[in-house]
Amino acid sequence: MIRRPPRSTLFPYTTLFRSRQERSKKNSQYRETIEQHIQQGKIVPVEITCSLLENAMNEDGGCKFLIDGFPRNQDNLDGWNRTMADKVNLKFVLFFECAQETCIKRCLKRGAAGSGRSDDNEESLKKRIVTYVTETMPIIEHYKKQDLVKSVDASRAPDEVFEDVSKLFEDIQDGKLI
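Counting along the sequence shown from 1, when you hit position 48 you're at 272 in this note's numbering, and nothing is skipped either side.
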């Protein structure tokens, strides 16, 4: 068993996955739109995502952020470049490589365990995979051409994946990935 120090000690970054947080807020102006897109396996509109990300960055006041799952398509990338690119120093894109079958199995298991996510079902997952292959992979390729993608084999046990991710963040802390 690996005993990990608190993640905030290892990763002094604020994690931003605002769509999930925003759709759980009962008074959110974006809740219904975000939920509809996610249930349909579609990508949340870039204007909403960039607005949520920028607000979160401003509210936090920190200077290091880990943005989860964004940009996911060309529209996201274009919107990011329009509104945020000149406000950030992108260090790298963390890419988890994992077979589709493994991802589906894990998501269904998460759903069966009571994740509460409306998209942890086979129908939504099939739609998400089509979206991922046709819209997200070209964005990963875009960043690969810029030598910004750091890949981790996510098909392994969680502790092994965590160790690889930890190493990447240690490298950036030590100035090796700047």
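For glycine and all other residues, C-beta sits at the position ideal for the given N, C-alpha and C. Bear in mind the structure is a predicted one, so any value in this text is a computation, not a measurement.
The beta carbon of Gly-265 lies closer than 6 Å to those of Ser-348, Lys-351, Arg-352 and Thr-355 in the same chain, with the five residues before and after it left out. In the three-state reduction of the DSSP assignment, Asp-343 falls in the coil class.
By alpha-carbon distance to Cys-287, the top candidate from Asn-300, Lys-311, Arg-296 and Tyr-254 is Lys-311. In chain order, Asp-344, Asn-345, Glu-346 and Leu-349 place their CB closer than 8 Å to the CB of Leu-332, counting only its own chain and leaving out the 5 sequence neighbours on each side. As the crow flies, the alpha-carbon of Arg-341 is around 7 Å from that of Gly-335.
DSSP links Glu-321 through a beta bridge to Asp-377.
With a cutoff of 7 Å on beta-carbon distance, Ile-364 and Phe-319 are scored as near each other. Close CB contacts of Thr-326 within its chain, under the 6 Å cut and outside five residues either way in sequence, are with Ser-379 (chain order). In the DSSP annotation of this structure, Ile-267 is not part of any beta strand (DSSP E), being labelled neither H nor E. Scanning its chain for C-beta atoms nearer than 8 Å, with the 5 sequence neighbours on each side dropped, one finds around Lys-374 the residues Phe-316, Val-317, Leu-318, Phe-319, Leu-392 and Leu-401, in chain order. Phe-289: member of the beta strand (DSSP E) spanning 289–291, first to last residue. Taken through DSSP and simplified to helix, strand or coil, Ser-252 comes out as coil.
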